[in-house]
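Sequential numbering from -12 applies to the sequence shown in this note's numbering. Ideal Cβ placement from N, Cα and C applies to all residues, glycine included. Shown next, in structure tokens, is the structure this report addresses.
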Amino acid sequence: MLSNQETNDLLIDEPPNYDSVSVVDTPELIDQEVNACLQEENEYLIREIELLRQDNKQLKQSQSVLEQQIILIREQLRLTKESKQLSDARAALLQQNNKLLRSKNSALIDWVKQSAADEKQALLYIDVLESCALAIAERTN
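As structure tokens, then:
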């Protein structure tokens, strides 16, 4: 706990030194100070307005760039959709072509089988004819 003397020392402060401050300012000095403050504030506001104009200009440029990018993205999307449609059409044509080629291959295989069977039959006829020719030749001799 603090003693009475310590408490009094804490509560009693020396008055501040007012030598450097004039007690009474004249209206002219007050007007000069107000004008100086207003001039400083005006300069600050002018700088702030210029910065805001620069920001506005940059924002407009950015907006223009973004609008161009949106146009390009939309065009890219349109081209992608068109490309997908063309790819789908090509895929359908390829499937149809594949089906036709399989059918054609199947017909060719059937034709080759039939040709092989016909050739086998022709060879049998040739063998028979040769046998007949030999038999006739033996009889005539």
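- prompt: Considering residue 18, what are the terminal residues of the alpha helix (DSSP H) in which it resides?
  reply: The residue labelled residue 18 in the question sits at position 31 within the sequence shown. From DSSP, the alpha helix (DSSP H) with residue 18 extends over 14 to 127.
Backbone CA spacing between residue 80 and residue 61 [nearest angstrom]: Position 93 of the sequence shown, counted from the first residue, corresponds to residue 80. Position 74 of the sequence shown, counted from the first residue, corresponds to residue 61. Taking the straight line joining both Cα atoms gives about 29 Å.
- prompt: Do you know offhand how far residue 53's Cα is from residue 26's?
  reply: Taking the first residue of the sequence shown as position 1, residue 53 is located at position 66. Taking the first residue of the sequence shown as position 1, residue 26 is located at position 39. Each residue's alpha carbon lies about 40 Å from the other.
field: Cα-Cα separation, residue 85 to residue 109
entry: Against the sequence shown, residue 85 aligns to sequence position 98. Against the sequence shown, residue 109 aligns to sequence position 122. If I take the Cα positions, the gap works out to 35 Å.
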